[in-house]
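Participant: In full-length UniProt numbering, the protein residues as written are 6 to 481. Beta carbons are placed, not taken as given, at the ideal position from N, Cα and C, and that holds for glycine. The structure displayed is predicted, hence computed values, not measured ones. Pasting in a structure now, in structure tokens, and then I'll have a few things to ask.
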Ligand code: NBP
């Protein structure tokens with residue numbers, strides 16, 4: 006029988022996705038540029054389901070039922086274009102090419118446009134969960150036409166992670182919507198990880214707690230509001246001992262965080278759309294800063310650590326403060342991420358349902374967390390929520406944590422412990438809730454040096470003051 010779906014690109018991700026599909030009863034056509042990968046997949050896992058391997062791309066395409074659904078799981082960028090270009094002449098009208106790699110959503114928009122001119126569907130699908138997720142159930146964020154989802158929906162929803170009987174997959178919106186949402190997901194992941202790292206640093210450097218002790222703290226936190234995959238694996242990583250040295254694993258790892266670029270994409274696009282995703286931006290810059298080894302060495306030599314007294318007066322109280330500050334900062338990071346999705350949806354005309362995004366991130370993906378249920382509820386209750394921060398549940402949580410948040414940020418500043426994500430999230434919260442901002446002064450300065458005009462609180466219209474001529478004010 007012809008295959009129901011095909012996968013080309015059988016490195017870690019494609020291989021596991023193909024196995025997941027086969028395990029769910031789909032007949033899966035297989036192809037990889039280097040045929041040995043296809044052969045080893047069939048040799049090692051051929052008994053998990055029905056695979057139809059082909060060495061030539063033409064045979065692979067011919068082995069599929071129509072309309073064809075072909076998952077491309079190759080290195081993002083040039084390789085994806087190369088594979089798509091090879092596929093297009095072999096396909097027929099109505100066929101669907103699905104890019105499950107980490108493409109930039111702008112590339113996905115371009116490819117979707119190009120393939121639609123050939124009568125083909127191009128679906129950019131964000132897939133999160135790493136290699137384990139791909140095999141056991143990822144979170145899937147497919148974009149592309151509604152028509153393509155009629156065929157793909159049942160397949161993707163059956164192989165996705167399931168939470169309370171609901172699949173972690175939904176049609177996100179047209180063209181690049183899926184890859185856009187995956188990009189923001191990764192940005193939130195950056196913020197989440199930075200916040201966790203700052204909480205660890207506060208307990209480690211502030212209280213002098215050992216990694217194994219802090220692992221216990223995170224394990225405890227994982228039984229409350231903070232329950233999430235990242236908190237869980239933080240406990241695992243902190244509890245881990247390096248086999249070679251017997252030291253805590255975290256102490257033998259070079260402290261320079263790397264990135265593949267999705268955080269940067271998120272921040273770049275947020276700058277273009279004018280969405281203040283400060284938590285994600287700080288997290289991305291914190292990784293860059295960690296890599297500036299020469300500057301760090303020079304500054305470390307030039308400046309001493311401030312002497313801090315009384316930091317650990319009441320370790321338990323401080324630990325509770327850190328937990329609450331972490332939660333409040335996390336709420337800010339998600340509020341900003343959901344703002345970003347809303348802005349992208351408006352700008353590119355996607356009509357993305359934010360509550361549905363919270364739903365499909367509950368399982369499979371890296372940021373899966375208990376509190377995503379609360380986000381979905383918040384949008385169910387009020388679809389036009391101005392910001393997640395004012396949804397009753399989150400407003401109460403932030404209100405409850407705000408004193409702790411201030412104490413932690415103040416203590417960190419006194420002790421010289423950098424908490425860019427904690428601090429900037431608090432500043433964001435304070436800026437949002439203040440009735441009046443010093444932006445008024447900025448407008449005054451802009452009008453002074455550049456005649457950029459300003460608006461007034463008491464009258465409609467646009468004004469300019471003639472600063473050099475006795476401060477004459479007139480409507481611009
Ligand atoms: P890689 O990103 O390492 O890509 C390797 C695959 O691309 C191989 O199948 C390779 O074929 C194929 N390929 C390349 Br490279 N250039 C090609 C070309 N010009 N023509 C045809 N095939 C080409 O694989 P991966 O780690 O499995 O990731 C796949 C995608 O999934 C990426 O976009 C990645 O960003 C994304 N992703 C990865 C993760 C993760 O945890 N790793 C998570 C989520 C998403 P070959 O065997 O012949 O060299």
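To which residues does DSSP link residue 173 through a beta bridge?
Facilitator: Translated into positions along the chain shown, residue 173 becomes position 168. BP columns for residue 173 are empty, so no partner.
Participant: Does the distance between the C-beta of residue 174 and the nearest non-hydrogen atom of the ligand NBP fall short of 8 Å?
Facilitator: Taking the chain shown and counting its residues from 1, one reaches residue 174 at position 169. Residue 174: no, Cβ never under 8 Å from the ligand NBP.
Participant: Quick one: Cα of residue 120 to Cα of residue 152, how far?
Facilitator: Numbered from its first residue, the chain shown carries residue 120 at position 115. Numbered from its first residue, the chain shown carries residue 152 at position 147. One C-alpha to the other measures close to 14 Å.
Participant: May I ask you to list the residues that DSSP assigns as paired with residue 66?
Facilitator: Start at 1 with the first residue of the chain shown, and residue 66 comes out as number 61. Answer by DSSP bridge pairing: none, since residue 66 is not bridged.
Participant: Which of the three DSSP states, helix, strand or coil, is assigned to residue 436?
Facilitator: Working through the chain shown from its first residue, we reach residue 436 at position 431. Of the three classes helix, strand and coil, the one that applies to residue 436 here is helix, per DSSP.
Participant: Between residue 95 and residue 123, what straight-line distance do the alpha-carbon atoms span, to the nearest angstrom?
Facilitator: In the chain shown, the residue the question calls residue 95 occupies position 90. In the chain shown, the residue the question calls residue 123 occupies position 118. Roughly 11 Å between the two C-alpha positions.
Participant: With residue 468 as the anchor, note down where its beta strand (DSSP E) starts and where it stops.
Facilitator: As a first step, residue 468 is located in the chain shown; it is residue number 463 there, counting from the start. It spans 468 to 471 - the beta strand (DSSP E) in which residue 468 sits, taken as one unbroken run.
Participant: For residue 396, does the three-state DSSP call read helix, strand or coil?
Facilitator: Taking the chain shown and counting its residues from 1, one reaches residue 396 at position 391. Coil at residue 396, not helix or strand.
Participant: CB-CB under 7 Å to residue 203, same chain, minus the five flanking residues each way: which ones, in chain order?
Facilitator: Counting from one through the chain shown, the residue named residue 203 turns up at place 198. Here the set comprises 424, 426 and 427.
Participant: For residue 111, which option in 225, 231, 353 and 147 has the closest C-alpha, if you only look at C-alpha atoms?
Facilitator: The count along the chain shown starts at 1 and reaches residue 111 at position 106. Residue 111 has its Cα closest to that of 353, out of 225, 231, 353 and 147.
Participant: Hey, residue 128 and residue 160: beta-carbon distance below 9 Å or not?
Facilitator: In the chain shown, the residue the question calls residue 128 occupies position 123. In the chain shown, the residue the question calls residue 160 occupies position 155. Not in contact: residue 128 and residue 160 (Cβ atoms no closer than 9 Å).
Participant: If residue 57 sits next to residue 32, beta carbons under 8 Å apart, how far is it from one beta carbon to the other, in whole angstroms?
Facilitator: For the purposes of this step, residue 57 is identified with residue 52 of the chain shown, where counting begins at 1. For the purposes of this step, residue 32 is identified with residue 27 of the chain shown, where counting begins at 1. With a Cβ gap of about 6 Å, residue 57 and residue 32 count as contacting.
Participant: Residue ranges of each alpha helix (DSSP H) run of no fewer than 4 residues wholly in the region 152 to 227, ordered along the chain?
Facilitator: Taking only runs of at least 4 residues, the alpha helix (DSSP H) segments lying wholly in the region 152 to 227 are 182 to 206 and 216 to 226.
Participant: Beta carbon of residue 133: closer than 8 Å to some heavy atom of the ligand NBP?
Facilitator: What you label residue 133 is simply residue 128 of the chain shown in a count that begins at 1. Yes, the Cβ of residue 133 comes within 8 Å of a heavy atom of the ligand NBP.
Participant: As a quick exercise: from 52, 319 and 408, pick the residue whose alpha carbon is nearest that of residue 212.
Facilitator: Sequence index remark: in the chain shown, residue 212 carries index 207 (1-based). Of the candidates 52, 319 and 408, the one whose C-alpha sits nearest the C-alpha of residue 212 is 319.
Participant: If you scan the region 16 to 95 from start to end, which runs of the beta strand (DSSP E) of 3 or more residues do you find wholly inside it?
Facilitator: Taking only runs of at least 3 residues, the beta strand (DSSP E) segments lying wholly in the region 16 to 95 are 33 to 36, 56 to 58 and 74 to 77.
Participant: Kindly indicate which three-state DSSP category residue 150 falls into: helix, strand or coil?
Facilitator: Locating residue 150 in the chain shown gives position 145, where the first residue counts as 1. Coil, per DSSP.
Participant: Using the C-alpha atoms, what's the distance from residue 255 back to residue 323?
Facilitator: One-based indexing of the chain shown puts residue 323 at position 318. One-based indexing of the chain shown puts residue 255 at position 250. C-alpha separation (whole angstroms): 22 Å.
Participant: Using 8 Å as the Cβ pair cut-off and three pairs as the minimum, do the region 218 to 226 and the region 400 to 407 touch?
Facilitator: Taking 8 Å as the limit for Cβ pairs, the verdict is that the region 400 to 407 does not touch the region 218 to 226.
Participant: Which full runs of the beta strand (DSSP E) of 3+ residues lie inside the region 107 to 135, going along the chain?
Facilitator: The region 107 to 135 contains these whole beta strand (DSSP E) runs: 126 to 133.
Participant: Can residue 84 be considered in contact with the ligand NBP, in the sense that its beta carbon sits closer than 8 Å to one or more heavy atoms?
Facilitator: Looking up residue 84 in the chain shown gives position 79. Yes; taking the cut-off as 8 Å, the Cβ of residue 84 has a heavy atom of the ligand NBP nearer than that.
Participant: DSSP on residue 12, reduced to helix/strand/coil?
Facilitator: If you number the chain shown from 1, residue 12 lands on position 7. Residue 12 falls in the strand class under three-state DSSP.
Participant: Does the count of Cβ pairs from the region 339 to 355 and the region 240 to 248 closer than 8 Å reach three?
Facilitator: Because the criterion of three Cβ pairs below 8 Å is not met, the region 339 to 355 and the region 240 to 248 do not touch.
Participant: Looking only at its chain, what residues have a beta carbon closer than 6 Å to the beta carbon of residue 183, apart from the 5 residues adjacent to it on each side?
Facilitator: For the purposes of this step, residue 183 is taken as residue 178 along the chain shown, with counting starting at 1. Excluding positions up to five away in sequence, the list reads 129, 130, 131, 146, 147, 148 and 177.
Participant: Assign residue 265 to buried or exposed, taking buried as 16 or more other Cβ atoms, counted over all protein chains shown, within 10 Å of its Cβ.
Facilitator: The residue you call residue 265 lines up with position 260 of the chain shown. Per the 10 Å Cβ criterion, exposed.
Participant: Are the region 13 to 29 and the region 75 to 91 touching by the rule of at least three beta carbon pairs closer than 8 Å?
Facilitator: Because the criterion of three Cβ pairs below 8 Å is met, the region 13 to 29 and the region 75 to 91 touch.
Participant: Closer than 7 Å by C-beta to residue 3: which residues in its own chain qualify, once you throw out the five before and the five after it? Chain order, please.
Facilitator: With the chain running from 6 to 481 in the structure shown, residue 3 is simply not present.
Participant: On a Cα-Cα basis, can you pick out the residue from 92, 70, 6 and 67 that is closest to residue 14?
Facilitator: Position 9 of the chain shown holds residue 14. Comparing Cα-Cα distances from residue 14 to each of 92, 70, 6 and 67, the minimum goes to 92.
Participant: Nearest to residue 168 by CA position, among 454, 414, 375 and 440, is which residue?
Facilitator: Taking the chain shown and counting its residues from 1, the one referred to as residue 168 is at position 163. Closest option to residue 168, Cα to Cα, is 375.
Participant: Going by alpha carbons, who is nearest to residue 300 out of 474, 261, 311 and 44?
Facilitator: For the purposes of this step, residue 300 is identified with residue 295 of the chain shown, where counting begins at 1. Measuring from the Cα of residue 300, the nearest candidate turns out to be 261.
Participant: Counting along the chain, where does the alpha helix (DSSP H) carrying residue 482 start and finish?
Facilitator: The question about residue 482 has no answer here: the residues shown for the chain are numbered 6 through 481.
Participant: Am I right that residue 7 and residue 68 are in contact with their C-beta atoms under 8 Å? What's the rounded C-beta distance?
Facilitator: To locate residue 7, count along the chain shown from 1; it is residue 2. To locate residue 68, count along the chain shown from 1; it is residue 63. Contact flag correct, Cβ pair sits at about 6 Å.
Participant: Mark residue 65 as exposed unless 16 or more other C-beta atoms lie within 10 angstroms of its C-beta, in which case mark it buried.
Facilitator: Here the question's residue 65 lines up with position 60 in the chain shown. Looking at its Cβ environment, which holds 16 or more other Cβ atoms inside 10 Å, residue 65 is buried.
Participant: On the DSSP letters alone, give me the boundaries of the alpha helix (DSSP H) that residue 371 sits inside.
Facilitator: Against the chain shown, residue 371 aligns to sequence position 366. No alpha helix (DSSP H) holds residue 371; DSSP gives it neither H nor E.
Participant: Given a cut-off of 9 Å on the beta-carbon distance, is the pair residue 267 and residue 187 in contact?
Facilitator: As a working note, residue 267 is residue 262 in the chain shown. As a working note, residue 187 is residue 182 in the chain shown. The answer is yes: Cβ separation under 9 Å.
Participant: Quick one: Cα of residue 454 to Cα of residue 443, how far?
Facilitator: Taking the chain shown and counting its residues from 1, one reaches residue 454 at position 449. Taking the chain shown and counting its residues from 1, one reaches residue 443 at position 438. Computed Cα separation, rounded: 17 Å.
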